[in-house]
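Peer 1: Numbered according to the numbering used here, the sequence shown spans residues 641 to 784. Glycine residues also receive a C-beta, built at the ideal position from the N, C-alpha and C atoms.
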Amino acid sequence: MILALLLAVALPVAAASTAELPPPDSAGMVNLSLIDALAAIRQPQLAGVFSFIPEKYSTFAFADLMARDKKALKHFLGKLQSDLKDAKGLTGWDHEVCATLVNLYASPLSESFGKPDAKRMKKINECVLAPEVPLSDIVSRRSK
641 MILALLLAVA
651 LPVAAASTAE
661 LPPPDSAGMV
671 NLSLIDALAA
681 IRQPQLAGVF
691 SFIPEKYSTF
701 AFADLMARDK
711 KALKHFLGKL
721 QSDLKDAKGL
731 TGWDHEVCAT
741 LVNLYASPLS
751 ESFGKPDAKR
761 MKKINECVLA
771 PEVPLSDIVS
781 RRSK
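Have a look at this one:
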């Protein structure tokens with residue numbers, strides 16, 4: 641009888657502890673377009689920090705960094721303009737970053753980091769409208 645009571649209590653607890661957990665986000669994986677962008681802003685060491693951010697949030701995190709670091713934004717936009725010239729397009733990841741930047745600058749959050757000048761905003765908008773090209777094509781077409 642005591643054994644039956646122990647089993648009655650222990651089995652639901654054991655079943656609950658072995659219940660399927662939701663799959664983890666892809667933290668630890670870093671998108672190659674992100675690596676390319678970090679190299680362009682001369683901050684490759686940030687790849688370690690970005691490895692803790694799930695890939696689906698990496699564009700927002702990178703856009704937030706660009707909004708707060710004007711020098712890095714200048715380097716990133718230079719890379720995008722160069723890629724547009726060489727490959728006639730940008731990666732989907734780059735598009736997402738630029739679209740997020742446009743949204744950030746249109747939000748009340750922009751008061752905390754300031755909006756870029758009209759010339760930079762025009763470049764960001766051009767990047768949002770550019771055709772999408774795979775990263776491998778962009779890298780192969782880059783000027784040496």
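Please confirm whether Ser776 and Asp734 have their CB atoms less than 8 Å apart.
Peer 2: no
Peer 1: Please confirm whether Asp726 and Arg782 have their CB atoms less than 8 Å apart.
Peer 2: yes
Peer 1: Can you tell which of Glu772, Gln683, Asp676 has its C-alpha closest to the C-alpha of Asp709?
Peer 2: Gln683
Peer 1: Any idea which residues DSSP pairs Glu772 with across the strands?
Peer 2: Leu730
Peer 1: Helix, strand or coil, according to DSSP, for Met669 in the structure here?
Peer 2: coil
Peer 1: Count the other CB atoms within 10 Å of the CB of Ser698; is the residue buried (16 or more) or exposed (fewer)?
Peer 2: buried
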